[in-house]
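Residue numbers (the working numbering), protein chains in the order written: chain A, 1 to 227; chain Z, 228 to 882; chain L, 883 to 987. Heads up, the beta-carbon is just placed ideally off N, CA and C, and yes, glycines get one too. Notes to accompany the following structure.
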């Protein structure tokens, strides 16, 4: 058995297992981890196809950043509870989805098979001696320079958008901690009491009028403080 | 001189507008005098135009004056224009002349009525409409006048609308007319569709060019309209009920002018009738003849003084249509003119009698009134002899001309029509004599009368029959009395006209055929020629006179000498129960038919329209569910689309 | 035996289409927004695999460049998408894709 065959089979198995895992996992965390498996498998296949740089980028960016981002969000929101996979509210969705998936699979397979598993386009040809990174760099910065610049703008926009979207503005229907109001009240009361003890003369301006009025004289001072 | 033709309808229109605005302020009798002066002024204008026409040679006697363009739509051009030719001016002459006399009479008759100014508003409007009808130079303008006189007839019949019977009579008249108007309207549409014009001169010129079947249809449809307006079978039921209106109204509208509009229309379009199939004029003649006979038989048994005259009018109109049908247009117009004179005279005389006895219209409660109402009596006699067909009064000459023409129209049909006309003349003489004897001769039968209603002059809602002249508040003691000069003067004038009117078209020699020569430019081509020997004509005259005298003699025997028992069968008194039949039909199966039609309209026609809306809204309601808001369904749709596109591309590959 | 089998590039293509269809199926079936997102990543990976394969078959570096761009765009997309999901799920921690239907008027 050739190395290539072995590598392919193992990597393909990892990919497929991961794919099935993503689709079939109840728990989103499990799904994310399955996705990592697929991504690694893809990276191995990239290496098998002599796209070493891309394999590295795949692992770093996809598996290292994007999936981590997914996991961050899952943990932040606390949505790692298991979904209910039995229920399907939309009638016929699953059946149709099976058919569609089979259709896509079958048609693409037929398309590939129709050419005898060969590419029908013209072979461009590249210098196999040059490392693939160099080739890639050359292609990116000459042939696809414009697109390259645009993607940088795209990234900026994405970052700005993400910041805006994730910002929590103050909204009326936001859940307010009910204990907060009571605590604020209590603090205000303590402050008032402390000021009274410190500067009592400022609180007795109306006492001369109050003494003639009926009612409990003993409660006058304390009532004022309370209000 | 001819340019003054616009004045003829303009003066009554001005009178109408002024009275509409200031009538209440003018009050009695100012409003009445204004209306009368306007009508008389219109008569003077007609005389001026008449003089102008006389100045032209016979072939050139038609003058068209177009005021303005009324309906310019696509190919249709309808103007407000007047056609002054012998026929229209003749009609205008007696409409305005007799109309002015009746206006004068009405000032006296309507004295004390709280609706005095309103009455003359309607009267002037009526004269205006009638003049538009006869002077209009196209079918649409005539139709305008046609509808106008119909509306005024409705207003005036239900003048004392406080009593529901009067209001119903007005509605009945209008609705029955409407049935005829349907035919008229269809004829207008057909005329425009076939000939591209509704103008009389153009239509009559081009009558030969259009297909005969179209001309037949137009003629028949116009006749349907005429049947409604001129109260022939089967649409005559409104005329007897129309007697609920004040007597001047009955005289003017339902004797002299409006009901003759049908005859005028037929005469006006005589080239169209001639260009169509034969059966249309035949039908016209037979309808006229049958109507004349049937109406005359009904009149024998009527007890209301005005109803007798109403059925008499229907009968005489039948004569006119008989003449039109056989082509004797001159005879028809001649009889129209003399009928205007003597029938207006008879109606006004009847009004004078009713006024004199304080409001009662039942002839059974009258009698021996010739002592109390001498002028009325004398003029009534003239009218009676005229309608009975006794020479030398005008009615004889015109009726005889119709009978002669019937005989001359040839064949079995001609003889049959002549026979029917003769029998009708006999019956006419009989029932008119009966009326005269019951009213003016014999003993006073006032004791048979029911107690007269309270003479409250203010209340308008006093019973219809008695409300006629109950409001004059003389305070007299119930003794019949002659009417004031303002009412007897028109009677005298009309009596004179009824006497000498025969001179218009005497049958002795061509020179005396004044009316015939006068009307030649209008009807000359299609006029029936009388190819009878002098002897035949003389014999016919003698027969007619004898028949008239027989009728009078018979009535004398029954009602004056009381030698023969009076036979007034119930079936005649109830007019063959035709009215009841119509009511029962319209109320019963008729209503079901109408409801069926209404159901069809509501469910099928509206259903189709609403159905389209329902289908669309239902479709939308179901389609709405596609947009469910479930993004996964949308995603499924997208994915399905992907599969479809993939499949499409696959079919394009070569394997 | 099995050693005789040669791994032709066609196999990679087949694997790619397989991954893609599994990802499509998952996207249509799952309701949890995060898992749906992961299925999208799955599909994108299948696409990158296919691109690299074709790059090797046609000896065209352009294929690998496209993969770079796909990676960048996928990263940006994840960032923004997750920000939205965070904003949504803060209010309703148990929101699913179906609840988007509540947004309609």
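Suppose you measure from the CA of residue i to the CA of residue j; what does that come to, to the nearest Å?
i                      : j                      : result
residue 493 of chain Z : residue 707 of chain Z : 44 Å
residue 100 of chain A : residue 138 of chain A : 40 Å
residue 529 of chain Z : residue 659 of chain Z : 11 Å
residue 523 of chain Z : residue 749 of chain Z : 31 Å
residue 61 of chain A  : residue 136 of chain A : 17 Å
residue 237 of chain Z : residue 344 of chain Z : 20 Å
residue 489 of chain Z : residue 278 of chain Z : 27 Å
residue 880 of chain Z : residue 943 of chain L : 26 Å
residue 172 of chain Z : residue 582 of chain Z : Any question about residue 172 of chain Z goes unanswered here, given that chain Z covers just 228 to 882.
residue 914 of chain L : residue 190 of chain A : 50 Å
residue 625 of chain Z : residue 558 of chain Z : 6 Å
residue 140 of chain A : residue 846 of chain Z : 54 Å
residue 272 of chain Z : residue 661 of chain Z : 41 Å
residue 817 of chain Z : residue 808 of chain Z : 11 Å
residue 96 of chain A  : residue 869 of chain Z : 13 Å
residue 113 of chain A : residue 23 of chain A  : 27 Å
residue 653 of chain Z : residue 380 of chain Z : 31 Å
residue 772 of chain Z : residue 670 of chain Z : 30 Å
residue 39 of chain A  : residue 26 of chain A  : 20 Å
residue 43 of chain A  : residue 848 of chain Z : 52 Å
residue 234 of chain Z : residue 751 of chain Z : 28 Å
residue 229 of chain Z : residue 835 of chain Z : 57 Å
residue 645 of chain Z : residue 270 of chain Z : 36 Å
residue 484 of chain Z : residue 567 of chain Z : 7 Å
Could you please give me the residues that DSSP links to residue i through a beta bridge?
i                      : result
residue 290 of chain Z : Z:311
residue 531 of chain Z : Z:589
residue 426 of chain Z : Z:365
residue 295 of chain Z : Z:307
What three-state label does DSSP hand residue i in the structure shown?
i                      : result
residue 339 of chain Z : coil
residue 365 of chain Z : strand
residue 306 of chain Z : strand
residue 496 of chain Z : coil
residue 888 of chain L : coil
residue 243 of chain Z : helix
residue 880 of chain Z : coil
residue 966 of chain Z : Any property of residue 966 of chain Z remains undetermined from this structure, which presents chain Z solely from 228 to 882.
residue 584 of chain Z : coil
residue 87 of chain A  : coil
residue 300 of chain Z : strand
residue 192 of chain Z : Shown here, chain Z extends from 228 to 882; a query on residue 192 of chain Z therefore has no answer.
residue 30 of chain A  : helix
residue 185 of chain A : helix
residue 914 of chain L : coil
residue 75 of chain A  : helix
residue 946 of chain L : helix
Is it buried or exposed, residue i, if we count other Cβ atoms within 10 angstroms and call 16 or more buried?
i                      : result
residue 251 of chain Z : exposed
residue 728 of chain Z : buried
residue 287 of chain Z : exposed
residue 962 of chain L : buried
residue 792 of chain Z : exposed
residue 75 of chain A  : exposed
residue 619 of chain Z : exposed
residue 812 of chain Z : exposed
residue 765 of chain Z : exposed
residue 28 of chain A  : buried
residue 635 of chain Z : buried
residue 758 of chain Z : exposed
residue 194 of chain A : exposed
residue 363 of chain Z : buried
residue 627 of chain Z : buried
Beta-carbon of residue i versus every beta-carbon of chain D: anything under 8 Å?
i                      : result
residue 876 of chain Z : Considering every chain present, this structure includes no chain D. Its protein chains are A, Z and L.
For this session: Could I get the ranges of all uninterrupted alpha helix (DSSP H) runs contained in the segment 434-481 of chain Z, with 4 residues as the minimum, in chain order?
Result: 439-456, 465-468 and 474-478
Exercise. What alpha helix (DSSP H) runs, 4 residues minimum, are completely inside the segment 694-781 of chain Z?
Worked result: 712-727 and 741-750
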